[in-house]
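First up is the structure itself, then whatever we jot down about it.
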Amino acid sequence: MSALPRRIIKETQRLMQEPVPGISAVPDESNARYFHVIVTGPEDSPFEGGLFKLELFLPEDYPMSAPKVRFITKIYHPNIDRLGRICLDILKDKWSPALQIRTVLLSIQALLSAPNPDDPLANDVAELWKVNEVEAIRNAKEWTRKYAMEN
Amino acid sequence: MGACHWKCCKNADNGSANATSSPSPDHRPSASGAQSNDDESDWYLPSRKYQAKHIDHLILQTLKVIGKIGIENPPEVLLKLHTIADQEEGWIKVINSMVSVIPIDNPLGPAVIVFLLDDCPLPNKDTVIRLCKMFDLSQESSSKGRRTPCQQCNMCIILGLLAEKLAGPSSVAMLTQGTLEYLVANLDEKNDPVVVLHSLIALEKFAQTSENKITIKKYFELENRNPLLNLESMLNSSDQVRAQVGFCAQWCLDNLFPVLNRKYTYELMNLKHINAMLNVKDASEYLKISPDGLEARCDAYSFESVRCTFEVTSGVWYYETNIRSAGVMQIGWATKKSKFLNHEGYGIGDDEYSVAYDGCRQLIWHDAKSDPPPNEGIWRPGDILGCLLDVENRESIFYLNGRVVSVTSQLFNVTSLPPGERVGYFAAASFMSFQQCRFNFGNKSTFLYPPSREFQCFNEHTSLTDEERIVLPRHIQMEQLRNILIQEDSCTLCFDSTADVTLRPCGHSGFCKKCCVMLTECPMCRAKICAIEL
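Here the protein sequences come in this chain order: B and H.
Quick note: the first sequence uses my numbering, first residue 139, plus one each step.
Quick note: the second sequence uses my numbering, first residue -14, plus one each step.
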């Protein structure tokens, strides 16, 4: 294992000591740059009641470049594609090294509360979200039930 | 370059809105990769029924193209398979096809399984439970199953991959009594060693979910003798697959399933005579390095790399590696500037600072480009790859079992060094999934194929401190890391240095100079940085 930057050690220690409500981020046992993440679907969103698994990886030049985050649980959302890739500005051009794992995950949780079909990654989902929001939300609820509720 | 760079070509921008990689229904790959039996060019679309023979064919096609070079995008056959596997029904069929058609003797077989599953949406819990039922896993199906060793091996690779990808409740659901019995029964020394190897790796991947880890440990404790202890003794076997089993068993005992009263291997090692080894502090995260620091293995799905401890700046140097597995490894030389981008599929030979030989695909790698070597050089388990670096004559030579495969000067193309500065070269290697080799850095008398020209070897020209010789088990390493205390007045970006600067004009502070010179905008307010004030 290459030497681990103190920044990552510090963030990990803080995530353990002061966890973020509704979000769990646990470093992999053998890879301190890889986090197993679970985000709970926000209340009053079609994702309510779901537990969404994500993977988060801190690249070599973190925090100068953004973490790589991906949904592992299937999700019906206009800004998340079938492979779980997320369309979120702070993960791309709006990244700042002052942002952290916790702020990134909070932003992703917020994205679940406020889908943005005008900046889509999953085009067919976004299309439906725009023309027939009722049906799109029904689909999202259905997928949440089917894929994000293990029991 | 690990072929997983296909995936990264698409993912590199972390999912930008214009990513078009998912084969949507209107994206129709032409039928060029396929043959006459799929004359209906859209048969693979979700609306159609997929036939097993079609899928078998696509998988074999993928196997054929995956070792080819110069493919910048995923081959069309792979895209078609993704489209099929997009639906749960098709996914199960693809899995079944992979189990039955991927041949055991093709070193790229496991790679095909990994690439295919890696880029498919993950199945839900019901589907994986269904799959496990279909696999019909039990103690009985291990010993007198109807399946060939090849099919068993493919099944174990798939189980392991899913166990890792679905770590958590789904992985727990997959590890039924039947699955556990099957995998542990497979660990019998009398079994085909390839099946033993992949069963062991599958158990390791299941153990990534802590609940499973406890279950497996308990199961081992109920056995008369922990099967891992028997397997560990294969470590020095002359059979290359058995030697891999021994390596993995020892790894599991040291890192995952410790046994009461067994000392960690590193505590028993006498490494006084070892003066150069693989550098645990200069390796990508998932590479497994043996407690003596001379053997490395990758069981992750990324392209893992390592450099050795000794730096060469002048003269003629030589080292050998014993090729344990015949798959993709890129072994050669790298400077410190060479980056390990394991998740993107880039390693040694994939930048201008390194050169490497891959005897599976028979390619010399430099700057992420590859050329076939002038002489035949396909490696087989047990072969010896010799790597020679002649700094003054600007040559690196690769030998296979003493025969010259290629002479290249590419590594020395990098010029523009400040006067007086010398480049340091390190022995280095990258490994695709399930690949392993053992390094010999000297003494001279231990080389099997010493080259004819005068050379030196690392072990006779350097030394290590006792502490540098220790390769700690992962969990102990991680624990030490977590307990590091961090000063409160540290830079909030790196936490390495003291926060001692203020940005102008915005006035934000809390950072160190080293971080700020890398920035153009304030990390807090995004205002342009005009000056950094101490």
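Using N, Cα and C, we set each Cβ at its ideal position, and we do this for glycine too.
Just so we're clear, the structure is a prediction, and the values are computed from it rather than from any experiment.
Query                                                                                                                                                                                                               : Result
Got a sec: which bits of the stretch 180 to 202 of chain B sit with their beta carbon under 7 Å from any beta carbon on chain H, in order along the chain?                                                          : 191, 195, 198, 201, 202
With distance defined between alpha-carbon atoms, name the residue in H:241, H:412, H:190 nearest to residue 293 of chain H.                                                                                        : H:412
For residue 249 of chain B, tell me which candidate among B:229, B:262, B:265, B:266 has the shortest Cα-Cα distance.                                                                                               : B:229
Would you call the CB atoms of residue 416 of chain H and residue 289 of chain H closer than 8 Å?                                                                                                                   : yes
Quick one: grab the DSSP three-state call for residue 228 of chain B.                                                                                                                                               : helix
Ordered along the chain, which non-local residues of its own chain (more than five positions away) have a Cβ less than 8 Å from that of residue 520 of chain H?                                                     : No answer is possible for residue 520 of chain H: the residues shown for chain H start at -14 and end at 519.
Measuring only between beta-carbons, confirm whether residue 147 of chain B sits less than 8 Å from chain H.                                                                                                        : yes
What do you reckon, are the CB atoms on residue 232 of chain H and residue 220 of chain H nearer than 8 Å?                                                                                                          : yes
The stretch 163 to 174 of chain B: which residues have C-beta closer than 9 Å to a C-beta of chain C, in chain order?                                                                                               : Of the protein chains in the structure, B and H, none is chain C.
Quick one: using the 10 Å Cβ neighbour count with 16 as the cut-off for buried, is residue 25 of chain H buried or exposed?                                                                                         : With a pLDDT of 45 at residue 25 of chain H, under the threshold of 50, the modelled position of this residue cannot be trusted, and the question is left open.
Is the beta carbon of residue 239 of chain B less than 8 Å from the beta carbon of residue 194 of chain B?                                                                                                          : yes
Step through the CB atoms of chain H and report whether any lies within less than 8 Å of the CB of residue 247 of chain B.                                                                                          : no
Please compile the residues from chain H whose C-beta is within a distance smaller than 8 Å of the C-beta of residue 151 of chain B.                                                                                : 467, 471
Answer with yes or no whether the minimum CB distance from residue 142 of chain B to chain H is below 8 Å.                                                                                                          : yes
Rounding to the nearest angstrom, what Cα-Cα distance links residue 518 of chain H and residue 511 of chain H in this structure?                                                                                    : 17 Å
Using 10 angstroms around the beta-carbon of residue 269 of chain B, count the other beta-carbons present and answer buried if the total reaches 16, otherwise exposed.                                             : exposed
Which residues does DSSP pair with residue 527 of chain H in a beta bridge?                                                                                                                                         : The requested residue 527 of chain H is not part of the displayed model; chain H covers only -14 to 519.
Taking the alpha carbon of residue 244 of chain B as the reference point, which residue from B:261, B:254, B:231, B:226 has its own alpha carbon closest?                                                           : B:226
For chain B, is any of its Cβ atoms less than 8 Å away from the one on residue 197 of chain H?                                                                                                                      : no
Is it right to say residue 300 of chain H is buried, meaning 16 or more other beta carbons lie within 10 angstroms of its own, or is it exposed?                                                                    : exposed
Is there a C-beta anywhere in chain H that falls below 8 Å from the one on residue 274 of chain B?                                                                                                                  : no
For the alpha helix (DSSP H) holding residue 239 of chain B, just list the boundary residues, first then last.                                                                                                      : 239 to 251
Identify the residues that DSSP records as bridge partners of residue 393 of chain H: which are they?                                                                                                               : H:381
Have a look at H:387, H:352, H:379 and flag the residue whose alpha-carbon is nearest the alpha-carbon of residue 360 of chain H.                                                                                   : H:387
Can you check whether the CB of residue 113 of chain H is closer than 8 Å to the CB of residue 168 of chain H?                                                                                                      : no
With distances taken Cα to Cα, identify the nearest neighbour of residue 181 of chain H among H:128, H:37, H:303, H:352.                                                                                            : H:128
When Cβ atoms are compared, which residues of the stretch 125 to 157 of chain H fall closer than 9 Å to chain B?                                                                                                    : 150, 151, 152, 153, 154, 155
What span of residues does the beta strand (DSSP E) with residue 461 of chain H cover, start to end?                                                                                                                : That residue, residue 461 of chain H, is in no beta strand (DSSP E); its alpha helix (DSSP H) goes 459 to 467.
Run through DSSP, which three-state label would residue 307 of chain H get?                                                                                                                                         : strand
Suppose you measure from the CA of residue 515 of chain H to the CA of residue 490 of chain H; what does that come to, to the nearest Å?                                                                            : 7 Å
Looking at C-alpha atoms only, which residue of H:225, H:83, H:368, H:260 is the closest neighbour of residue 426 of chain H?                                                                                       : H:260
Classify residue 341 of chain H as buried or exposed, calling it buried when 16 or more other Cβ atoms lie within 10 Å of its own Cβ.                                                                               : buried
For the stretch 450 to 469 of chain H against the stretch 199 to 207 of chain B, do three or more pairs of beta-carbon atoms, one drawn from each stretch, fall closer than 8 Å, so that the two count as touching? : no
Hey, residue 407 of chain H and residue 298 of chain H: beta-carbon distance below 8 Å or not?                                                                                                                      : yes
Is DSSP giving residue 231 of chain H helix, strand or coil here?                                                                                                                                                   : helix
Roughly how many angstroms separate the alpha carbons of residue 203 of chain H and residue 132 of chain H, rounded to a whole number?                                                                              : 28 Å
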